[in-house]
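Enquirer:
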Amino acid sequence: MTITRQQAWDLLCQKMQSQNLRRHCLSVEAVMRSLAKKFGGDEEKWGIVGLLHDGDYEQTKEDMNAHSKVMAQWVQEMGETDQELLDGIRSHGASHLSQEPNGSLQWSLFCCDELTGLIVATALVQPNKKLAEVDVDSVMKKFKVKAFAAGAKREDIGQCEEKLGIPLPEFVDIALKAMQGIAPEIGL
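Under my numbering, the first residue of the sequence shown carries the number 24, and numbering increases by one thereafter.
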């Protein structure tokens with residue numbers, strides 16, 4: 024792997040103007056690092072995949088077939104040759120084309136992407152709008168309310184049980200703790 028975390032962050036900031044989208048990418052990065060620890064993966068690599076997974080969204084939102092492929096191309100143009108990293112980034116866009124993820128890195132990204140949005144939405148309905156006020160039970164209660172954060176695809180999140188072997192409450196706990204660890208950076 025040749026790309027550093029700083030280079031990945033700089034690329035993201037160059038290509039993505041939305042502060043909220045950047046915060047989403049930071050959230051997914053944090054969760055991916057925690058999942059890498061759980062699975063014995065390369066924390067740096069998994070984190071960079073999480074950080075960059077939506078990095079081309081502002082350029083590709085009108086053409087979801089290109090989503091994530093463009094980011095992988097930019098990273099490749101920077102000299103990156105690590106196929107697992109590049110495929111990890113590309114896998115996010117492939118899910119929009121009904122192609123299943125492959126392996127624990129790709130399935131982790133697939134499942135945690137939607138969960139970070141549900142966790143943020145749960146924090147935003149707390150009195151102080153802080154992640155510190157959120158616990159696993161509150162996220163699980165909101166998970167069951169389909170109208171709450173309706174864009175967070177519960178079926179994608181729930182794949183953590185079959186595809187990663189992690190019970191949903193444990194998966195929520197891993198993600199929540201990871202996000203609470205970076206709460207100041209994501210404004211929560």
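Beta carbons: idealized from backbone N, C-alpha and C, even for Gly. From a predicted model like this one, the values you see are computed outputs, not experimental measurements.
With contact counted as at least three CB pairs below 8 Å, one residue from each stretch, are the segment 144–159 and the segment 97–105 in contact?
Expert: Taking 8 Å as the limit for Cβ pairs, the verdict is that the segment 97–105 does not touch the segment 144–159.
Enquirer: Would you kindly work out how many angstroms separate the C-alpha atoms of CYS183 and GLN40, rounded to a whole number?
Expert: One-based indexing of the sequence shown puts residue 183 at position 160. One-based indexing of the sequence shown puts residue 40 at position 17. The alpha-carbon atoms of CYS183 and GLN40 are separated by roughly 31 Å.
Enquirer: Considering only C-alpha positions, which residue in the set ALA53, GLY73, SER91, LYS68 is nearest to ASP79?
Expert: Position 56 of the sequence shown holds residue 79. Taking only the C-alpha atoms, the option nearest ASP79 is SER91.
Enquirer: Rounded to a whole number of angstroms, what is the C-alpha to C-alpha distance between MET87 and MET94?
Expert: As a position in the sequence shown, residue 87 is number 64, starting the count at 1. As a position in the sequence shown, residue 94 is number 71, starting the count at 1. Answer to the nearest angstrom: the Cα atoms are 12 Å apart.
Enquirer: Go through the segment 105–157 residue by residue and report every complete run of the beta strand (DSSP E) that reaches 3 residues or more, in order.
Expert: The segment 105–157 contains no whole beta strand (DSSP E) run of 3 or more residues.
Enquirer: If you count every other CB in all the chains shown that lies within 10 Å of the CB of GLY214, and 16 or more means buried, which is it?
Expert: The question about residue 214 has no answer, for the chain in this structure spans 24 to 211.
Enquirer: State the CB to CB distance for the pair VAL195 and LEU138, rounded to an integer number of angstroms; the pair is presumed to be in contact (CB under 8 Å).
Expert: Position 172 of the sequence shown, counting from 1, holds the residue named residue 195. Position 115 of the sequence shown, counting from 1, holds the residue named residue 138. Right, their Cβ atoms sit about 7 Å apart.
Enquirer: Closest to HIS47 by CA distance: which of LEU58, GLN37, PRO190, HIS76 is it?
Expert: Indexing the sequence shown from 1 puts residue 47 at position 24. Closest option to HIS47, Cα to Cα, is HIS76.
Enquirer: Would you report the Cα separation of PRO150 and LEU211, rounded to the nearest angstrom?
Expert: The count along the sequence shown starts at 1 and reaches residue 150 at position 127. The count along the sequence shown starts at 1 and reaches residue 211 at position 188. Going from the Cα of PRO150 to the Cα of LEU211 covers about 12 Å.
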